[in-house]
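Numbering (the UniProt record's numbering), first residue to last: 1 to 248.
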């Protein structure tokens with residue numbers, strides 16, 4: 001029996017989203033606690049993560065209420081570290097190829113390299129466009145850098161990064177790409193009005209982004225992604241109003 005797992009996260013966080021996707025893919029039993037990012041409880045920083053950042057996870061120890069984690073439970077943080085941890089705890093999940101799988105070192109490296117691209121290219125471009133008056137053009141540039149590593153769509157290649165099996169890198173991609181798509185098609189961001197929908201139209205229609213569209217479609221249809229993406233909350237009026245207030 002797997003030791004208890006409690007995930008501390010927020011429905012608006014892409015970082016927490018991809019960790020929860022991984023938990024669902026692993027078919028893990030876990031308790032989920034929603035952290036109010038605007039009013040973090042003192043016990044969270046005292047007993048779970050001193051930095052106050054989410055996601056965080058407790059592992060092991062006796063079952064307790066999420067707001068009273070056991071001192072015996074391991075407290076783990078940093079979203080990408082948590083992905084690696086879950087791949088180790090649930091080796092049958094295919095979050096990372098098993099060490100004995102054909103070309104496992106190469107395939108694991110490919111997954112980690114794709115995560116690095118997502119984290120260093122797409123994530124900052126999206127964050128800037130959302131809140132810091134960045135341009136959707138930077139998102140296109142990031143996708144241009146990512147597309148060659150996305151599934152090719154060739155017959156028998158499979159819809160995900162490493163083929164038919166959904167891996168940790170797909171979880172990270174899903175958390176970002178569904179948010180990018182949602183923001184652009186709604187024209188929600190700190191960029192000038194109309195720039196988001198114009199960029200979304202390019203992504204929707206240009207043959208240049210056919211690989212992106214196929215990958216996004218496969219990710220968005222995945223049960224683990226659909227069950228953990230709270231689109232209505234993310235684009236609730238108060239959140240949209242806050243984002244639009246960042247426009248010049």
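Note that CB positions come from ideal geometry on N, CA and C, so glycine has one too.
Go to residue i, then tell me how far its beta strand (DSSP E) extends in each direction, as first and last residue.
i: residue 185; result: Note, residue 185: premise wrong, no beta strand (DSSP E); alpha helix (DSSP H) at 168 to 186.
i: residue 191; result: Segment: none, residue 191 is in no beta strand (DSSP E) and carries neither H nor E.
Can you say whether residue i is buried or exposed, counting buried as having 16 or more other CB atoms within 10 angstroms of its CB?
i: residue 71; result: exposed
i: residue 1; result: exposed
i: residue 217; result: exposed
i: residue 247; result: exposed
i: residue 238; result: exposed
i: residue 120; result: exposed
i: residue 257; result: This structure cannot speak to residue 257, because the chain is shown only from 1 to 248.
i: residue 208; result: exposed
Which residues does DSSP list as the beta-bridge partners of residue i?
i: residue 160; result: 163
i: residue 5; result: 59
i: residue 211; result: For residue 211, which the question treats as bridged, DSSP gives no partner whatsoever.
i: residue 31; result: 6
In the DSSP assignment, find the alpha helix (DSSP H) that holds residue i and state where it starts and stops.
i: residue 141; result: 136 to 146
i: residue 231; result: 231 to 234
i: residue 132; result: Where residue 132 is concerned, there is no enclosing alpha helix (DSSP H), given that its DSSP letter is neither H nor E.
i: residue 39; result: Neither: residue 39 is in no alpha helix (DSSP H) and is coded neither H nor E.
i: residue 237; result: 237 to 244
i: residue 199; result: 195 to 205
i: residue 224; result: 223 to 226
i: residue 247; result: Premise fails: residue 247 is in no alpha helix (DSSP H) and is neither H nor E.
i: residue 16; result: 14 to 25
What distance in whole Å lies between the Cβ atoms of residue j and residue i, which are believed to be in contact at a cut-off of 8 Å?
i: residue 23; j: residue 30; result: 5 Å
i: residue 96; j: residue 109; result: Their Cβ separation, rounded to whole angstroms, is 10 Å, which puts residue 96 and residue 109 out of contact at 8 Å.
i: residue 59; j: residue 47; result: Their Cβ separation, rounded to whole angstroms, is 14 Å, which puts residue 59 and residue 47 out of contact at 8 Å.
i: residue 57; j: residue 5; result: 6 Å
i: residue 176; j: residue 229; result: Wrong, their Cβ atoms sit about 11 Å apart, outside the cutoff.
i: residue 94; j: residue 165; result: 4 Å
Using a Cβ cut-off of 7 Å (strictly closer), state whether residue i contacts chain C.
i: residue 171; result: The displayed structure is made up of one protein chain only, and chain C is not part of it.
Problem set entry | Residue ranges of each alpha helix (DSSP H) within the region 68 to 125, 4 or longer | 79 to 89 and 104 to 117
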